[in-house]
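Reading through the structure tokens given below for one structure.
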Amino acid sequence: MKKTLTRTLGISAGLLLAASAWGHGQQPAHGAPAATPAKTSATVTASDCWIRLIPAPAPSGGFFVAHNTGAEDAVLTGAHSPDYGMVMLHETTESGGMSKMAMVHQVNIPAGKGLVFKPGSYHLMLEQPREGLKVGDSVRVDFTLANGEGFSTTCEVKSPKAMSGAGGHGAAGQMKH
Numbered sequence: 100m101k102k103t104l105t106r107t108l109g110i111s112a113g114l115l116l117a118a119s120a121w122g123h124g125q126q127p128a129h130g131a132p133a134a135t136p137a138k139t140s141a142t143v144t145a146s147d148c149w150i151r152l153i154p155a156p157a158p159s160g161g162f163f164v165a166h167n168t169g170a171e172d173a174v175l176t177g178a179h180s181p182d183y184g185m186v187m188l189h190e191t192t193e194s195g196g197m198s199k200m201a202m203v204h205q206v207n208i209p210a211g212k213g214l215v216f217k218p219g220s221y222h223l224m225l226e227q228p229r230e231g232l233k234v235g236d237s238v239r240v241d242f243t244l245a246n247g248e249g250f251s252t253t254c255e256v257k258s259p260k261a262m263s264g265a266g267g268h269g270a271a272g273q274m275k276h
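Residue 100 is where the sequence shown starts when you use the numbering used here, and the numbers rise one by one after that.
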């Protein structure tokens, strides 16, 4: 009886451990390829996209400007790239002098405005790059909005030393994580 209970508890613990090892990036809402949008957004676009290529297994950062020319706020809910196994929306915040990075499930893009995704703020976290990806390559990123629409952009792959899309000068600032 004691052996059976110990074995059952051991199996249960193993299953729980395996389930917890699943990883936040492997859950469909975060890391699985985004569903193909039913329609391309007429009001939300992206520009000035670049990716700071960090050697795997470390994740790379993606930065861009989202533009919303519509009369209503748009809600960005996900991103996907054929060149990366996992793309997540992240935000870097500061509290008590410490930078903290966390995944976010959505980002509001205000009506009639742009939102800069930059180092030290909102950004893409790109993991599991395809083999052979190198500085100078172009990477397509497809975005999904809460209303089911989507938009795409092309990002330039830059050196790990890059601090902005403008060669170290510009709106992107410095990454703090």
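Ideal Cβ positions, reconstructed from N, Cα and C, are used throughout, including at glycine.
Identify the residues that DSSP records as bridge partners of residue i: which are they?
i, result
"residue 184", "For residue 184, which the question treats as bridged, DSSP gives no partner whatsoever."
"residue 207", "174"
"residue 255", "149, 237"
"residue 243", "177, 249"
"residue 199", "192"
Could you tell me which of the options sits nearest to residue i, measuring between CA atoms?
i, options, result
"residue 217", "138, 146, 141, 142", "146"
"residue 236", "244, 245, 258", "258"
"residue 255", "245, 161, 247", "161"
"residue 204", "190, 196, 220", "190"
"residue 232", "224, 151, 143, 207", "151"
"residue 209", "169, 251, 156", "169"
"residue 202", "141, 187, 196", "187"
"residue 220", "193, 234, 230", "193"
Taking only the alpha-carbon atoms, compute the straight-line gap between residue i and residue j and give it to the nearest angstrom.
i, j, result
"residue 180", "residue 238", "7 Å"
"residue 148", "residue 253", "7 Å"
"residue 178", "residue 198", "24 Å"
"residue 127", "residue 175", "In this prediction, residue 127 scores a pLDDT of 37, lower than 50, which makes its location untrustworthy; no coordinate-derived value is stated."
"residue 262", "residue 222", "13 Å"
"residue 154", "residue 200", "19 Å"
"residue 196", "residue 234", "33 Å"
"residue 224", "residue 211", "26 Å"
"residue 230", "residue 157", "14 Å"
"residue 240", "residue 182", "9 Å"
"residue 260", "residue 243", "29 Å"
"residue 159", "residue 246", "28 Å"
In terms of residues, what are the limits of the beta strand (DSSP E) holding residue i?
i, result
"residue 165", "159-167"
"residue 225", "221-228"
"residue 213", "212-216"
"residue 140", "Careful: residue 140 lies outside any beta strand (DSSP E) and carries neither H nor E."
Tell me which same chain residues have a C-beta within less than 6 Å of the C-beta of residue i, skipping the five on either side of it?
i, result
"residue 184", "227"
"residue 213", "164, 166"
"residue 143", "167, 173, 250"
Please go through the same chain and pick out, in chain order, the residues whose beta-carbon is closer than 7 Å to the beta-carbon of residue i, but skip the five residues on each side of it.
i, result
"residue 139", "248, 249, 250"
"residue 207", "172, 174"
"residue 132", "Note on residue 132: pLDDT 48, under 50, position unreliable in the model; no value is reported."
"residue 141", "none"
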